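Novice:
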DNA sequence: TATTGTTATACTCTATAACTATA
DNA sequence: TATAGTTATAGAGTATAACAATA
């Protein structure tokens, strides 16, 4: 009994927690993204897809004859990282790399019928997943969220003063 | 000239892009998070911090004598992953592991004066970073965004019907 | 038995540099 | 020379299982 009193005394439950971190959009973004991403991975796994391969498959289905570098630009990933993703989609026959007559450097990516079928099924699965995870938000709030996120994303290409500093693209200005 | 015409004809600029993916909150979340995270890493680097170590330092500063397992719970990370983070903070003397008299298994984490100083500076740097990246959003919209994200996060612990199933915490119910 | 911290390991996503073959 | 695809490699974050010390 005395032991229990001591235990409670030393436990000293923190009342602050991460309250101050919550003031950062980035921190709240990270937590929400992690939850959704983990569940998305879980529901895609039985279909043999990961988030990256589903995203690529979706873009390829919607943009026939896309080239890999265009895919990279659309998804904002590095060209080099598209290779393994494309490989993972081509191997099970979900997409195919077709040669382009006029430019033998590039491939025209096209989804196969199986790829389109799997894309449809995965999309249904993901919609159910979001409906399950986002019950706390109304349809309007979900759209509002997407719009706000889109504005963060879009502002990356026109930051404050970008027009005044035409040199632009100064990413790594290590001060050392 | 003829070559240029052919080139334009084959280029076939995609007009869809990721439009369908944009309908997923998870996708927009991922893109926005990635932008913010990359810039946060960049501005924290000169201070010798990463996002994970800054977050841990912030929580430790705000919750003196925190134990590592409590830190893990607050940040929603695995206990095992706190070890390397704590090490990275203890090594340069930003925090200290103090022994707890009543429980020799656990440590009481406390920030040093240097740790508190660096935390303050890093917080200023991160606030500037968010102000720079989130110019597209008003202060009210930023708070709205945080609130919406918090509701996604919070709903993880009280999904639909959770009140009816007091066992709670059923995270990985693999259907296989 | 249960819990705290720990180690080891693996997986996902991302970033960079350098190479090849074409243009 | 510039571009498309590729390879190799590294880093950050996360997840799981198993262990020793302690409760």
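Chains as they are written, first to last, in the working numbering: chain A, 17 to 192; chain B, 17 to 192. From the three backbone atoms N, C-alpha and C, an ideal C-beta is built for every residue, glycine too. If you're wondering where the values come from, they're calculated on a predicted model, not measured in any experiment.
Within the 8 Å Cβ cut-off, does residue 49 of chain B reach chain A?
Specialist: In the second chain, the residue the question calls residue 49 of chain B occupies position 33. Yes, because at least one Cβ of chain A sits closer than 8 Å to the Cβ of residue 49 of chain B.
Novice: Might you give, ordered along the chain, the residues of its own chain that have their beta carbon closer than 8 Å to the beta carbon of residue 21 of chain A, omitting 5 neighbours on each side?
Specialist: For the purposes of this step, residue 21 of chain A is identified with residue 5 of the first chain, where counting begins at 1. At residue 21 of chain A, the pLDDT of 37 sits below 50, so the modelled position is not reliable; the number obtained from the coordinates is stated separately. Once the five neighbours on either side are set aside, residue 21 of chain A has no close Cβ partner at all.
Novice: Could you give the DSSP three-state label for residue 152 of chain A: helix, strand or coil?
Specialist: Taking the first chain and counting its residues from 1, one reaches residue 152 of chain A at position 136. In this structure, residue 152 of chain A counts as coil in the three-state DSSP scheme.
Novice: Taking only the alpha-carbon atoms, compute the straight-line gap between residue 156 of chain B and residue 40 of chain A and give it to the nearest angstrom.
Specialist: By one-based count along the second chain, residue 156 of chain B stands at place 140. By one-based count along the first chain, residue 40 of chain A stands at place 24. Computed Cα separation, rounded: 13 Å.
Novice: Taking only runs of the alpha helix (DSSP H) that begin and end inside the segment 118-172 of chain A, which ones reach a length of at least 4 residues, in chain order?
Specialist: Correct list: 129-149 and 155-170.
Novice: Could you have a look at residue 93 of chain B and say whether DSSP puts it in helix, strand or coil?
Specialist: The sequence position of residue 93 of chain B within the second chain is 77, counting from 1. Looking at residue 93 of chain B - three-state DSSP - the assignment turns out to be coil, as it is neither helix nor strand.
Novice: Going along chain A, which residues have a C-beta under 8 Å from residue 43 of chain B?
Specialist: On the second chain, residue 43 of chain B is found 27 positions in, with the first residue counted as 1. Within 8 Å Cβ-Cβ: 71.
Novice: Within 10 angstroms of its Cβ, does residue 57 of chain A collect 16 or more other Cβ (buried), or is it exposed?
Specialist: By one-based count along the first chain, residue 57 of chain A stands at place 41. The residue in question, residue 57 of chain A, is exposed, as its Cβ has fewer than 16 Cβ neighbours within 10 Å.
Novice: Could you tell me which chain B residues have their CB closer than 8 Å to the CB of residue 84 of chain A, listed as they occur along the chain?
Specialist: As a working note, residue 84 of chain A is residue 68 in the first chain. Neighbours of residue 84 of chain A on chain B: none; closest Cβ ~13 Å, over 8 Å.
Novice: What are the residues in the segment 53-66 of chain A lying within 8 Å of chain B by C-beta distance?
Specialist: Within the segment 53-66 of chain A, the residues whose Cβ lies closer than 8 Å to some Cβ of chain B are 53, 56, 58 and 62, listed in chain order.
Novice: So who's on the other strand from residue 82 of chain A, going by DSSP bridges?
Specialist: Translated into positions along the first chain, residue 82 of chain A becomes position 66. A:125.
Novice: Between which two residues does the beta strand (DSSP E) holding residue 111 of chain B run?
Specialist: Translated into the one-based positions of the second chain, residue 111 of chain B becomes position 95. Element bounds for residue 111 of chain B: 111-116.
Novice: I need the DSSP call for residue 62 of chain B, collapsed to helix, strand or coil.
Specialist: Taking the first residue of the second chain as 1, we reach residue 62 of chain B at position 46. Reduced to three states, the DSSP call for residue 62 of chain B is helix.
Novice: Could you run through the segment 92-118 of chain A and flag, in chain order, every residue whose CB is less than 9 Å away from some CB of chain B?
Specialist: So the close ones are 92, 116, 117 and 118.
Novice: Do three or more CB pairs link the segment 46-62 of chain B to the segment 100-114 of chain A at distances below 8 Å?
Specialist: The segment 46-62 of chain B, when compared against the segment 100-114 of chain A, does not touch it at the 8 Å Cβ threshold.
Novice: Once DSSP output is grouped into helix, strand and coil, what is the label at residue 33 of chain A?
Specialist: For this step, residue 33 of chain A is matched to residue 17 along the first chain. Residue 33 of chain A: coil per DSSP, three-state reduction.
Novice: With a cut-off of 8 Å, does the C-beta of residue 141 of chain B fall near any C-beta of chain A?
Specialist: Here residue 141 of chain B refers to the residue found at position 125 of the second chain. Cβ-Cβ to chain A under 8 Å: no for residue 141 of chain B.
Novice: So with CB distances below 7 Å, who are the chain A contacts of residue 157 of chain B?
Specialist: As a first step, residue 157 of chain B is located in the second chain; it is residue number 141 there, counting from the start. Going along chain A in sequence order, the residues near residue 157 of chain B (Cβ under 7 Å) are 164.
Novice: Comparing C-alpha positions only, which one of A:85, A:90, A:33 and A:106 sits nearest to residue 96 of chain A?
Specialist: Residue mapping note: residue 96 of chain A aligns to position 80 of the first chain, counting from 1. The option with the nearest alpha carbon to residue 96 of chain A is A:85.
Novice: Along chain B, in chain order, which residues have C-beta atoms closer than 7 Å to that of residue 167 of chain A?
Specialist: The residue labelled residue 167 of chain A in the question sits at position 151 within the first chain. Correct list: 152 and 153.
Novice: Under 7 Å Cβ-Cβ, which residues of chain A neighbour residue 136 of chain B?
Specialist: Here residue 136 of chain B refers to the residue found at position 120 when the second chain is read from its first residue. Neighbours of residue 136 of chain B on chain A: none; closest Cβ ~11 Å, over 7 Å.
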